[in-house]
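Final position of the sequence shown in my numbering is 577; the numbers increase by one with none missing. Cβ coordinates follow ideal geometry from the N, Cα and C atoms, glycine included.
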Amino acid sequence: MPMTDFTIVRRSLNARLFSTVTTALTVGVAVALLFVLLTLRDSAKSAFSRGSGNMHLLVSAEASELESVLHSVFYTGAPQAFFPYRFVDELDEILGEADAPAQFIIPTQVGDSFRGMPVVATTEDFFTEFQPFEGQPWVAASGRWFEKPFEVVLGAEVARTSGLRVGQMIYLTHGMSRRAGAGNDIATDDDHHHDHDHDHDHDDAHIHREYRFEIVGILAATGTSHDRALFTHLIGSWIMHAHDRRLAELGHGIELTTEADLTEADRIITAAMVRIAGRAGRATAVNVPAAAVTIRRSGLGLRVAAPGDEVRKLFRIVSNLDQIFIALAGAILISSGIGILLALYNSMEQRRRQIAVLRVLGSSRSRIFGLIMTESAVIGMLGAAAGLAIGLVGSQLATGILRDRLGLDIRPEISPEWLLVLAAATTLLATLAGLIPAIMAYRTSVARNLRPIA
124 MPMTDFTIVR RSLNARLFST VTTALTVGVA VALLFVLLTL RDSAKSAFSR GSGNMHLLVS
184 AEASELESVL HSVFYTGAPQ AFFPYRFVDE LDEILGEADA PAQFIIPTQV GDSFRGMPVV
244 ATTEDFFTEF QPFEGQPWVA ASGRWFEKPF EVVLGAEVAR TSGLRVGQMI YLTHGMSRRA
304 GAGNDIATDD DHHHDHDHDH DHDDAHIHRE YRFEIVGILA ATGTSHDRAL FTHLIGSWIM
364 HAHDRRLAEL GHGIELTTEA DLTEADRIIT AAMVRIAGRA GRATAVNVPA AAVTIRRSGL
424 GLRVAAPGDE VRKLFRIVSN LDQIFIALAG AILISSGIGI LLALYNSMEQ RRRQIAVLRV
484 LGSSRSRIFG LIMTESAVIG MLGAAAGLAI GLVGSQLATG ILRDRLGLDI RPEISPEWLL
544 VLAAATTLLA TLAGLIPAIM AYRTSVARNL RPIA
């Protein structure tokens with residue numbers, strides 16, 4: 124049976140199995156790092172570009188514009204400041220007087236959660252006016268929007284991970300706590316939810332057990348941060364927190380708080396989504412900067428952010444680190460190429476006699492050269508395959524960590540073209556690394572290396 128070039132290469136790699144595996148894994152680590160970085164970078168840009176939807180401005184009382192966008196649009200944490208709800212009407216009036224009328228101003232309050240997933244208290248306009256991605260309105264996968272306090276609508280990811288359905292009752296948790304265990308936040312008919320003397324101090328997290336929220340709808344997936352949020356009526360959230368205030372002031376035994384018990388101080392929000400209406404003969408984009416300046420000069424002490432601008436600022440900051448990591452991955456990839464070169468170079472001394480035998484058996488210099496180059500390319504292909512496999516697992520782990528630690532919902536995605544380019548570049552680099560050992564094999568002297576060993 125004739126021995127093919129593939130058989131020769133395979134046996135050569137098997138003879139140096141440990142060296143082959145370690146060299147391929149070194150290549151794989153570099154490929155995996157590049158894969159994860161490219162995947163997360165592109166996916167993060169895509170995710171952040173979608174979440175702000177059709178709003179032009181985000182108004183808040185936060186310390187910085189970037190914080191307000193991260194907290195109130197992408198739900199990476201709880202906002203640290205709030206402002207009175209009456210400011211919404213004042214903003215509408217101020218913008219109208221400045222000849223930059225608002226198409227909508229939608230108040231939101233972020234701060235509570237359900238199993239670590241954010242709860243957004245807002246109004247019905249959130250579903251009828253705001254679009255999670257411009258040109259794509261909300262779609263209910265089942266049920267309807269909320270219409271009154273203590274009704275809640277689930278984002279697609281919330282419904283998927285929790286298994287909750289329309290008609291079930293849940294309790295919400297104070298703050299963005301992840302300590303509320305699954306099960307003790309699901310309301311049942313046996314719950315004494317009217318027990319006003321309930322003590323929260325023994326709970327792992329402060330669960331608002333006085334008020335049960337009915338799931339009335341589940342949203343279709345949007346591919347944005349809103350998929351992992353729950354949405355409820357602003358008045359219900361005010362009542363729930365006002366009850367905590369009244370418990371602290373009046374002690375246990377008080378009646379359940381109602382809308383009639385709300386004070387001006389209870390009616391607070393953490394942000395307002397603003398879209399400026401267009402005017403005849405003038406582009407909407409021209410009105411937005413003027414509207415932002417008007418709000419800043421209003422004397423209300425509010426901060427105004429353009430979500431798109433803040434996302435671009437964020438990626439300018441991140442891109443510096445991004446370039447460092449990509450350069451590091453490139454350096455590892457080059458060093459792994461050098462490792463292939465050294466592994467093949469060091470093996471040449473032991474393989475000169477083998478090469479000489481192949482020459483005697485009829486193999487040409489060019490065939491010997493091609494065998495070494497092929498061997499190097501195979502190591503590169505093995506490393507690329509291992510790297511892509513490790514990268515797929517690593518990107519899933521990285522997105523899970525980002526979701527759990529920072530609340531960022533990033534879905535790994537990379538185009539097949541990029542995968543092909545990465546694999547081809549790795550194989551090419553490995554092939555080039557085998558060039559010097561291949562030249563050495565090409566120049567191997569048959570007579571000198573077939574002399575009897577003394």
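With residue i as the anchor, note down where its alpha helix (DSSP H) starts and where it stops.
i	result
S191	188-195
A553	539-556
R133	128-138
F249	248-251
What does DSSP give as the partner residue(s) for residue i in the beta ladder?
i	result
T296	S236, I330
G266	G340
E274	E337
I121	Examination of residue 121 is not possible in this model, given that the chain is present from 124 through 577 alone.
L353	V242, L277
I358	The partner list for I358 (beta bridge, DSSP) is empty, contrary to what the question assumes.
M396	L181, I229
Q259	F256
I309	I293
Give the straight-line distance between the Cα atoms of residue i and residue j, rounded to the nearest whole angstrom.
i	j	result
D327	I309	Low confidence applies to D327: its pLDDT is 48, below 50, so where it sits in the model is not reliable, and the reading given next is rough at best. Their backbone Cα atoms lie some 15 angstroms apart in a straight line.
E498	G278	52 angstroms
F158	L444	16 angstroms
N137	I463	15 angstroms
R332	G424	35 angstroms
A201	T522	20 angstroms
E185	Y198	14 angstroms
Y578	V132	For residue 578 there is no data in the structure shown, the boundaries of the chain being 124 and 577.
I502	A450	22 angstroms
H179	A415	9 angstroms
P430	K168	13 angstroms
I418	A428	11 angstroms
R426	D248	22 angstroms
M292	S285	13 angstroms
G493	G258	56 angstroms
V275	R267	10 angstroms
S135	T146	14 angstroms
M563	S487	14 angstroms
D324	D367	Confidence in D324 is poor, its pLDDT being 43 and thus under 50, which makes the residue's placement unreliable; the coordinate value appears in the next sentence. If I take the Cα positions, the gap works out to 13 angstroms.
A561	V144	20 angstroms
E270	I447	50 angstroms
M299	M496	57 angstroms
L161	A509	17 angstroms
L156	G517	8 angstroms
D350	S470	56 angstroms
Please identify the residue among the options whose C-alpha is closest to the C-alpha of residue i.
i	options	result
L287	H297, S265, K271	S265
F250	A413, F354, I440	F354
V441	S486, L163, K271	L163
E190	S458, A548, Q203, I491	Q203
D432	G460, F448, D128, V411	V411
I559	L481, Y468, R534, D367	Y468
K436	I513, R139, Y208, L193	L193
E280	L342, E270, G290	L342
I515	V154, V144, R139	Before going on, a small fix: residue 515 reads as Leu here, not Ile. The option with the nearest alpha carbon to L515 is V154.
G340	L373, A282, I391	A282
T549	I524, I457, T143	I457
A263	A500, A344, T127	A344
F129	P207, A352, A500	A500
A454	R139, T149, T143	T149
V434	S470, P535, G176, Q446	G176
I217	A413, F336, S187	A413
S590	L465, P535, S166	The displayed coordinates of the chain run from 124 to 577. Any statement about residue 590 would go beyond what the structure contains.
Hey, residue i and residue j: beta-carbon distance below 9 angstroms or not?
i	j	result
D235	M396	no
S421	Q232	no
A546	L511	yes
A365	D384	yes
G346	F256	yes
A556	I461	yes
I338	Y294	no
S348	G174	yes
I391	P207	yes
I358	P272	yes
L505	G151	yes
Y334	L379	yes
F210	F227	no
Can you tell me where the beta strand (DSSP E) with residue i in it begins and where it stops?
i	result
L180	180-183
R426	426-428
Please tell me whether residue i has its Cβ less than 9 angstroms away from any Cβ of chain D.
i	result
I440	Absent from the structure is chain D; it holds one protein chain and no more.
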